[in-house]
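Going down the list, the protein sequences come from chains A, B and C.
Each step along the first sequence adds one to the number in our numbering, with nothing skipped, and position 608 is 615.
Each step along the second sequence adds one to the number in our numbering, with nothing skipped, and position 48 is 87.
Each step along the third sequence adds one to the number in our numbering, with nothing skipped, and position 67 is 77.
Ideal Cβ placement from N, Cα and C applies to all residues, glycine included.
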Amino acid sequence: MADENGKVAVQTGLVFPGGSSLSEVERAVPSDEPPPWPLNAELSVVGKPFPRLDGPLKVTGAATYTADVRLPGMLHARVIRSPHPHARVKNIDVTAAERHPAARAVHVLEHMRGGAKLRDPKQETPSKFPIVRYVGQPIAAIAAATPADAEEVMRLVKVDYEVLPFVVDLEEARKPDAPRVFPGATEQPATAGGGGAVPNVPQQGNVRGPTKTGPLGPPRGDVEKGFEEAEITVENTFRTAVQTHSALETHGVVADWKPEVLTVYASTQGTSTVRDELAEVFGLPKGKIRVVTEFMGGGFGSKFGIGNFGVLAVHLSKKASAPVRLMLDRKEEHVNGGNRPSSVQRLRVGAKKDGSLTAIHLTSWGTGGTATGAGAGNVAKNMYACPNILIEESDVFTNAGPAAAFRAPGHPQGAFALEQVIDELAEKLGMDPLALRDKIDIDEDLGGRNVDSAARRMERKIGSQKFDWARRKPAGSDRGPVKRGLGVAQSIWYRFIDLDASCEVRLLRDGTVEVLSAVQDIGTGIRTALAQVVAEELGLQPKDITVRVGDTAFPAGVPSGGSRTTGSITPAARNAAHEVRRRFLADVAASMGARPEALSLKGGKVLLGDDGGRGIPFRSAAAKLKTEQITASRSRAHDYGGFAPGRPGMNMGIGGFGGVQFAEVTVDTETGIIKVERVVAVHDCGRPINPLALESQINGGILQGISYALYENRVLDRRAGVQLNPNFEQYKVLGAREVPAIEVLLLEEYQGRSSTDAGGIGEPATVPTAAALANAVYNATGVRMTELPMTPARVLTALAAARKGAQ
Amino acid sequence: MNRFAWVTPSTIEEAVGALEPGALVKAGGIDLMDLLKEGLIAPQRLVNLRAVEGLDRIEEKDEGLHVGPLVTLARLAANPIVQGRYRALADAAGHAATPQIRNVATVGGNLLQRPRCWYFRSEAFVCKKKGGGRCYAHGGENAYHAIMNNKTCAAVHPSATATALLALGAKLRIAGPTDAREVPLETFFVAPEVDVMRENALGAGEIITEIVIPYPPSEAGSAYLKQGEKESFDWPLAEVAVLLERDGNRCKRAIIVLGAAGPVPVRARTAEAALADKVIDDATARAAAKAAVQGATPLEQNAYKVTIFEAIVRRTILAARGNTA
Amino acid sequence: MSNDGQNHADRRSLREKDDDEDGSDVALPGASLRLSRRRFLAGTGLTAATTAVLEACKPAAVGGAGGKGAEVAGPGQVPVTLQVNGKERTVSLEPRATLAEVLRTDLGMTGTKVVCDRGACSACTVWLDGTPVCSCMTFAMDAVGRAITTVEGLSSGGALHPVQQAFVEHDAAQCGFCTPGMVMSCAALLQRNPRPTLDDVRTATSGNLCRCGTYPKVFEATLAAARRGSGGSSGAKGS
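Following this line, the structure appears as structure tokens:
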């Protein structure tokens, strides 16, 4: 059945504030999926703003996060961590710890999970314990009756270290004679929890790379030739700092090992990835593991795997035969919870006088500590049309905590460089930055399916009107000490679709409708989106739907990363609801002596034909069910219409997401303080399901972007390898007084790709912010900021250098 | 955090009596809590002053403004008398830390809190302040450190109220095992060259019982400005308090104090002299600001703070002019 | 803690040899690790409002010793009665316990979140006698005899506090982990200032960290609650 595709007519194109550009196409739709909905304007629940269903639980403190889980007899665990950035563990003495009356279990970590590994482990002198490669690396863990007891017991574990030379500074680490983080070439294998680097990349010392790529895999064209053809070349070097995710709920679990089932309450973005990794580590069948994430206090890309802490907690629970709570503290979270790698990017762009690009060459280095993932080249690779593109990216290992995926990995860094260089190019060409982008941001490769270019074109147009871009003055033209500037930058993100996305929808005889899925709500509001989708299909309101998510006991859910949750799981929910609807109407029709096709569901009623909306209330109709419940579990097909993944082995569909942000800043040239006054953000994410939650998430992307641009910087002491700001006092995150006026404009972008045609927004919303700010700062001052964060120190230094240069 | 006993005296005498070796005084307890959680102190007992009568009063009488050491920063900032004649103090108290902290932290504790230097606060570094041999900020990460008097220890003094109180000419009343004494704030702080392990001259077993700020002269005004990287919770890159005594347009006398500049609050006497007898305008304020930062000895990463101080000194002088009664 | 004297040495603090005063070289961790506990503690004796040279590691005197009549409790467990959301709750705690720990662990009231654990994020905000404070920086002993209001006590009789209601309607919670603290800050603001400006709301929340970036909706919700007239005495038992 699923293979039989029926053709349906679908409206595609954009609906935007004040207009639309739509056309009709034919889509082949799998026969077990309903045809795509009409435009949001014709729907009653989807596309309308709804407060999230779990709001009352969150505002009253009743929502239970992993940090709040309390089980009978639960023990408290602490992790023993290395104070040294590089060391060999000679001996671990746990006898005193074990003897402590409150101690219930001690476990020494056998293998380090996460980060890079030696390709050939024999290159390192064999060691009984994992080699320590950063301060804070876990060594062992203990469990005790109370948190205070656990702290005492933890201090009784004695570890002997042989201290080794180390390096934490990127530039130092690149030197040929730098201490080696790994004594040989490395690989970073993917686990069920994610990660994974391109294999067989050359490595010299601490520098792994370069990998050389272009837009669709290998480098495109010949950049040298492209620069020869160029009439104008712009080149600059950009630097960005390490940013920590700083989710408010730290990584952690409550592990409850029982002979019949292992239950792990985890603060995770992927209940299924955590279960799969637990199965891998403990050799258990997946059916004997249950992972629960009822509420989750933020992850931003860092929370997919079980982590060393999770492995330790499960071991402790097994040994103690009791549930064990292990939540990282704030310091551990900064040091061990992952981070966005730093970058140094040398970017060179060549163009003709008409603006068309002839060459893009990016050479980047970055450090993700002991992990790979510091590439920053995707924006330069994918944003603009250019016949010659060479991206060379290298990871530089340092003795620092391993990086993890962080909201649009590599992209805020890459946009910071590329979007400034494009602005510089526009200035040299005497073109408006938007006009240049209109020229070069075009669908080059994909025969009309490069929908993000089309979206951005419209976003530039309506955003520039809303923002009043026309008032932008030449760079540095304000006279006073506080200068105002306007800037713009663009986003690019991709359509990741996970076929492991399923939902079960149940209709009970009392009218109850339930949606069940292992998918977790990490704060994006997927609970509410699922309720809307099911409500739309069944003619109900979101509040009529009970959504139960975040439990692997339910059908497989998609891990929430890559902005793929909504795009992946809402079609599954609709497909399941559609099947329930079909069977429900069949039952009801029989009882009414009508044909099912004559029935419809609307406004909480079952309507018969065009009976003027009288119908039967949904509940009364449900009472006529032949069985106690109708239930259907469905997943989803690949995207329709040629939008299915274009590259083997990847879940990345064709045609991404755009996004354009405009920023207005003031720069106090006497203090170097940058204040962001206003941001206009125009975004697309397919069919919007809940504009209210989308707006919240876009606000969040922008604010994280501002925080990244102006404040955040993990500071390590180069002589000790110790983080100096593992807190929220000196690790500076934007607060209430730094929030600008934000105006969000949403496009509705329809392609008829799936039964909901929805997409995600988490990542696109944070990609362009730092770049837009930097362009605005340039417009204010006439001075380019090439380093993040743009602190007063850097602003004042750049202004002073510019004054000196001008003399 | 170690275990300790909790002592609740009801009089100053009882409090002083309870201060046996190993005991620490607790007022608001904010900095104490922080140091305890970081494992930087391990007292055997905390002597809680919150039940001692009369330590939380704000009164204008006798010599001027009398402020009890247990007055919270929030109360100080919101007090109409303080907001009026002692404006610099209100603004300093009102811009410290966070609203929640200001509701608990006391002015006494604010004066006596320990520096926020990240080497001092990290258990990984035994710096001079902790009995070690080195200031790790030297040659280390010192973007937020002292730009003046930073040769021995480069931590900046963390107290916002100290900056303002010094400009306002405050003195402290102190009780202890021997006779009560009175110390001008001017001589209360201890430079690292004198004793790097402490920031002030409070002796063993002593307790601040009152802060007295003299009535400002007529035609005087004060101001306090803080510049952080953020306006939401952040420590200052620069903070300045100014008291201006005027004679018409002219400056009769100025007191200019720089906080977050050195290990103890810095009187900018050259700047004060530069303003004396001058008409206070943008040009003279600018000249005074330049004088204030002359002789600064920034470290590798904090020369920018000198530029910021120059701007903030000028702005605070002009703000004080504006605040003149 | 009885073994406290060894802790810092165990944690391998980075320091130079005492005689290394020239600053020419930096000791690597592990090179010279013994910390003079006594000297170190002596240096920290200026905390709060006094100095006191510490005799490290002596077991603390329990009751009686010194103090001339001052009441001494602990260092072991002390029974205390806390007034939480209008109800008396008797718990046994050590004087070192923070209010946040007691609420979350002893009383099982996990609405109050601990995030930074150092007063820098205000996620743990509760009210003491109606005033918002960080419960992670408050000794539970200091809350004795004062009315403690937590996020669980803000709504009354099943009805949300107007600020909570506005938070829900305006989508002022994403992951929701900062939300209890945020709600407590904003509700306290309206209690003392029923007609706040946007700037007042920003100031009231300037210590509340939200990593999801929900501030615009928090501002919107709080101003909406104010317009609806939520100030005065509504909600909040025991304040």
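Residue nearest to residue i in terms of C-alpha spacing, selected from the options
i: Arg332 (chain A); options: A:Arg77, A:Gly375, A:Phe561; result: A:Arg77
i: Lys293 (chain A); options: A:Asp594, A:Thr280, A:Thr300; result: A:Thr280
i: Ala194 (chain B); options: B:Arg360, B:Thr226, B:Leu205, B:Tyr158; result: B:Tyr158
i: Val821 (chain A); options: A:Thr773, A:His645, A:Ser640; result: Because chain A in this structure spans residues 8 to 814, residue 821 (chain A) falls outside the shown range and cannot be described.
i: Val689 (chain A); options: A:Ile87, A:Phe404, A:Gln472, A:Ala800; result: A:Gln472
i: Met303 (chain A); options: A:Asn706, A:Pro578, A:Thr531, A:Leu269; result: A:Thr531
i: Thr336 (chain B); options: B:Arg285, B:Asn188, B:Ala206, B:Ala327; result: B:Asn188
i: Val94 (chain C); options: C:Gln87, C:Gly79, C:Val211, C:Ala110; result: C:Ala110
i: Glu159 (chain A); options: A:Val86, A:Pro225, A:Gln195, A:Glu451; result: A:Val86
Contacts that residue i makes with chain C (C-beta to C-beta distance below 7 Å)
i: Ala302 (chain A); result: In the sequence under discussion, the amino acid at residue 302 (chain A) is Phe, which differs from the Ala named in the question. The answer, in chain order, is Gly186.
i: Asp75 (chain A); result: Thr120
i: Asp184 (chain A); result: What Asp184 (chain A) touches in chain C: nothing, since even the nearest Cβ is about 17 Å away.
i: Asp156 (chain A); result: Under the 7 Å cutoff, chain C gives no residues; its nearest Cβ is about 10 Å from Asp156 (chain A).
Partners in chain B for residue i, counting only beta-carbon separations shorter than 9 Å
i: Val722 (chain A); result: Trp157, Glu180, Ala182
Buried or exposed by the 16-neighbour rule on C-beta atoms within 10 Å, applied to residue i
i: Thr54 (chain C); result: Bear in mind that the predicted position of Thr54 (chain C) carries a pLDDT of just 36, short of 50, making it unreliable; the figure below should be weighed with that in mind. The residue is buried, with at least 16 neighbouring Cβ atoms inside 10 Å.
i: Ala58 (chain C); result: Interpretation of Ala58 (chain C) is limited by its pLDDT of 35, a score under 50 that renders its predicted location unreliable; the figure taken from the coordinates is listed afterwards. Buried is the call here.
i: Ala37 (chain C); result: Only weak support exists for where Ala37 (chain C) lies, its pLDDT of 36 falling under 50; the coordinates are left without a value.
i: Lys359 (chain A); result: exposed
i: Gly84 (chain C); result: buried
i: Asp361 (chain A); result: exposed
i: Tyr72 (chain A); result: buried
i: Ser371 (chain A); result: buried
i: Lys100 (chain B); result: exposed
i: Ala748 (chain A); result: exposed
Beta-carbon gap between residue i and residue j smaller than 8 Å
i: Arg246 (chain A); j: Asn213 (chain A); result: no
i: Ala410 (chain A); j: Asn315 (chain A); result: no
i: Val142 (chain A); j: Pro222 (chain A); result: no
i: Ala262 (chain B); j: Ala358 (chain B); result: yes
i: Leu125 (chain A); j: Glu131 (chain A); result: yes
i: Gly78 (chain B); j: Phe149 (chain C); result: no
i: Glu232 (chain B); j: Thr191 (chain B); result: yes
i: Ala182 (chain B); j: Val296 (chain B); result: no
Residue-chain proximity (residue i, chain F), Cβ-Cβ < 8 Å
i: Ala44 (chain B); result: The structure shown has no chain F; the protein chains it does contain are A, B and C.
7 Å Cβ cut-off: residues of chain A touching residue i
i: Tyr343 (chain B); result: Gly679, Pro799, Ala800, Leu803, Thr804
i: His163 (chain B); result: Checking the sequence, you will find Ala at residue 163 (chain B) rather than His. Pro90, Ala727, Val729, listed in chain order.
i: Ser165 (chain C); result: Thr67
Residue i: contacting residues in chain A (beta-carbon distance under 9 Å)
i: Lys269 (chain B); result: Leu717, Tyr718, Lys739, Val740, Leu741, Gly742, Arg744, Glu745
Start and end residues, alpha helix (DSSP H) containing residue i
i: Arg212 (chain C); result: 208 to 214
i: Leu319 (chain A); result: 314 to 327
i: Ala430 (chain A); result: Looking at the sequence provided, one finds Asp at residue 430 (chain A) rather than Ala. It spans 418 to 436 - the alpha helix (DSSP H) in which Asp430 (chain A) sits, taken as one unbroken run.
i: Ile705 (chain A); result: 698 to 717
i: Val101 (chain A); result: Counting along the chain, Val101 (chain A) falls outside any alpha helix (DSSP H), and DSSP gives it neither H nor E.
Contacts of residue i in chain C (Cβ-Cβ under 8 Å)
i: Asn706 (chain A); result: Gly223, Thr224, Tyr225, Pro226, Lys227
i: Pro58 (chain A); result: Val178, Glu179, His180, Asp181
i: Phe228 (chain B); result: Chain C residues near Phe228 (chain B): none, gap ~11 Å exceeds 8 Å.
Chain C contact residues for residue i, given Cβ-Cβ distances below 9 Å
i: Gln711 (chain A); result: Arg221, Cys222, Gly223
Host beta strand (DSSP E) of residue i (start-end)
i: Gln497 (chain A); result: 489 to 497
i: Gly663 (chain A); result: 659 to 664
i: Asp176 (chain A); result: Note, Asp176 (chain A): premise wrong, no beta strand (DSSP E); not H, not E.
i: Phe229 (chain C); result: It is not in any beta strand (DSSP E) - Phe229 (chain C) instead sits in the alpha helix (DSSP H) that spans 225 to 237.
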